[in-house]
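A.B. asks:
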Amino acid sequence: MGRVAAKSELLIALVMALGLGAGRATWAQEEMAIDNFAGVGIRAMGMGGAFAAVADDFTAVFWNPAGLAQIEHREVYGAFSRNSIDNEADQAGNVAKSELSNTRIASLGLVYPYPVYRGSLVFAAGFNRIKDFDSTIRIKGSDEAEGLNSDDSFVHEGELIATSLAVAMDVAPSISLGLAINLIRGEDENALEFTFEDVADRPQRFFQAQETFSDKFKSVANATLGAMIRFPREDPVFRVGATLSSGATHKIEYTFKGIPDVSGFNIVEYDNGTLERDVIIEDDGSVTPTSVEEISSSYKLELPLEFGIGLSGTPLPGLLLAGSAHFGEWSQTEFSGVDESELRANASFESQYDNKVRYHLGAEWQIPAVAVDLRAGFYTDPLPFAGPRDPVREASEDNPIVVMARDRSFITLGAGVLLEDAVQVDVAWTHGTFERVEGRLKEENTSTRLFMGLSYRF
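Heads up, the sequence shown is in this note's numbering, so the first residue is 412 and it goes up one at a time.
1. Take W438 and list the residues in its own chain whose beta-carbon comes closer than 6 Å to its own, dropping the five residues that flank it on each side.
2. Looking at I670 and D695, is the spacing between their C-beta atoms short of 8 Å?
3. Ignore the nearest five residues each way along the sequence and tell me which others in E846's own chain have a CB closer than 8 Å to its CB.
4. Hey, G798 and Q763 are a contact pair by Cβ (cut 8 Å); roughly how many whole angstroms apart?
5. Rank A833, V451 and E713 by C-alpha distance to the C-alpha of V442 and give the top, closest one.
6. With distances taken from CA atoms, which of E604, A632 and F649 is nearest N677?
7. So T561 and T623 are in contact, right, with Cβ under 8 Å, and what is the actual spacing, rounded?
8. As a quick exercise: from V679, A500 and V703, pick the residue whose alpha carbon is nearest that of S697.
9. With distance defined between alpha-carbon atoms, name the residue in D501, N494, V749 and G504 nearest to H661.
10. Which parts of the stretch 462–498 are runs of the alpha helix (DSSP H), unbroken and 4 residues or longer, counting only runs that do not cross its ends?
11. How would you label N447, buried or exposed, when you count the other beta carbons within 10 angstroms and need 16 or more for buried?
12. Identify whether R454 lies in helix, strand or coil by the three-state DSSP scheme.
13. Take the Cβ of V578 as the centre, count every other Cβ of all protein chains shown within 10 Å, and call the residue buried at 16 or more, exposed below.
14. Hey, out of L521, R851 and M580, whose CA is closest to E808's CA?
15. Here's the rule I'm using: 16 or more other beta-carbon atoms within 10 Å means buried, otherwise exposed. How should L429 be labelled?
16. Just curious, the beta strand (DSSP E) that Q763 is in, first and last residue?
17. Determine contact between the stretch 768–779 and the stretch 719–731, defined as no fewer than three beta-carbon pairs at a distance below 8 Å.
18. For S512, count neighbouring Cβ atoms within 10 angstroms of its own Cβ and tell me buried if that reaches 16, exposed if not.
19. Tell me whether G674 sits in a helix, a strand or coil according to DSSP, three-state version.
20. Quick check on this structure: which residue in N810, A503 and M863 has the alpha carbon closest to the alpha carbon of D554?
21. Check for me: the beta strand (DSSP E) holding W776 runs from which residue to which?
22. Thinking just about the alpha-carbon of each residue, which of E693, R650 and L716 is nearest to the one in L636?
23. Using only alpha-carbon positions, find the residue among T841, S866 and R819 that is nearest to L830.
24. Does the contact criterion of 3 or more C-beta pairs under 8 Å hold for the stretch 472–490 versus the stretch 513–525?
25. May I ask you to verify whether the stretch 533–542 touches the stretch 567–583, counting CB pairs closer than 8 Å and requiring at least 3?
26. Can you give me the C-alpha to C-alpha distance between S518 and A638, rounded to a whole angstrom?
27. So P802 and S759 are in contact, right, with Cβ under 8 Å, and what is the actual spacing, rounded?
28. Does DSSP put E740 in a helix, in a strand, or in coil?
29. Between E600 and S564, how many whole angstroms is the CB-CB distance? I'm expecting something under 8 Å.
30. Looking at C-alpha atoms only, which residue of A449, A444, M458 and V451 is the closest neighbour of A826?
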């Protein structure tokens, strides 16, 4: 978002006395397609996402396609999720809060075991919401001596969805392999609003610039290969799972809407109440009419391989314990086909991003004599962006690195009930927080997700 940052130079000059470290001249948001795990599967998320070595429902196409080989009955699966975000940003003592919530279909799929003489051969098809772009932050600043206030907001709403075809089979009595071919697509609506107000006795008192980016992630294929060892094969006491996912190369087509000039504003309001709309303020202070423009272009984002490994066991009858780890070498991400407008692709992944491991732990207890399961878990989802925002300049007070005071982590709870030996109804709840410091900006974010759905096996 290099041009988005550069466009604010005049606004920043107007409020230089504020010392705002997160103004338009220095704020560029990280690439949303890197990490941002959405949470897949109701039972899985009730167990903290520790499902790579469990993977015995439709969502195995995401967690470990080899786990599909455990399914003996046809299954129809559906789920939806609700995501709520609360953010509090403290910019040099100026606190601002923002909220965002969305409800979406999370998964929909079909599993079909094909009858074979020995072992298992299972097919599956459907889609899962695999990445979550929802985020919000509002940043305020003020300088009483200069009589200037600022109020900026940044909102992302979007997702990536993987439509999958998968197959799994037993290659030995206790070993299964699986392959999922995924077609990934999505969108991200990014709205930015920058407001500066002159509350002193001056000719101009209110400046506002609004910009939007509408990103379309074109359909791109990738593959996930999975393996699972079950001991024993029937009613396993111990399972090991491993996965390897190829890195997708996303073509991102975007449309920018705004005034692509460093001194352009959608609204300038004067003390007498008169308004100027869609103008450019020249160096001598004069106002020139302009118009809101739309600029469309595209670029490619090449993501790295991702690895996963998990263990699960049943130490006591009815008690399932599981854990897994998932690794992405995000610093190896690359841009290609950079857009001619130079509005977006300007990151240096090697210097701005860290490689991260996502850890999952979970447990499930099947209550004796009733068809009710209780679940709990914990997982980490560390943020890979480390900054600074401007990859060209060295890190400094006005181009700070990102310090994670508390990285993103979640606690989870869940429950399931089996009705008439065919319909499984599940619910899961996750709650996570993070705190990060970037110069004089402190950010506290809370995310709560609710998953609900059912599966029918016949």
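Idealized CB from N, CA, C, for every residue including glycine.
The model shown is predicted, which means the values in this text are computed figures rather than measured ones.
C.D. replies: Let's see:
1. Only weak support is given to the placement of W438: the predicted model assigns it a pLDDT of 46, under 50, and the value that follows is read from those uncertain coordinates. Cβ neighbours of W438 beyond the five flanking positions: none.
2. no
3. M815, A816, R817, K853, E854, E855 and N856
4. 6 Å
5. It is worth fixing the name first, because residue 442 is Glu in this sequence and not Val. Of the listed residues, the one whose Cα sits closest to E442 is E713.
6. E604
7. The displayed chain sequence assigns Ser, not Thr, to residue 561. At roughly 20 Å, the Cβ-Cβ gap does not stay under 8 Å, so S561 and T623 are not in contact.
8. V679
9. V749
10. 471–474
11. buried
12. helix
13. buried
14. R851
15. Only weak support is given to the placement of L429: the predicted model assigns it a pLDDT of 39, under 50, and the question is left unresolved by the model.
16. Where Q763 is concerned, there is no enclosing beta strand (DSSP E), although the alpha helix (DSSP H) it sits in stretches over F760 to Q763.
17. yes
18. exposed
19. According to the sequence provided, residue 674 is Ser. The question's Gly does not apply to it. It is coil, neither helix nor strand.
20. A503
21. K767 to Q777
22. L716
23. S866
24. yes
25. yes
26. 22 Å
27. 4 Å
28. coil
29. About 14 Å separates the two Cβ atoms, so there is no contact after all.
30. M458
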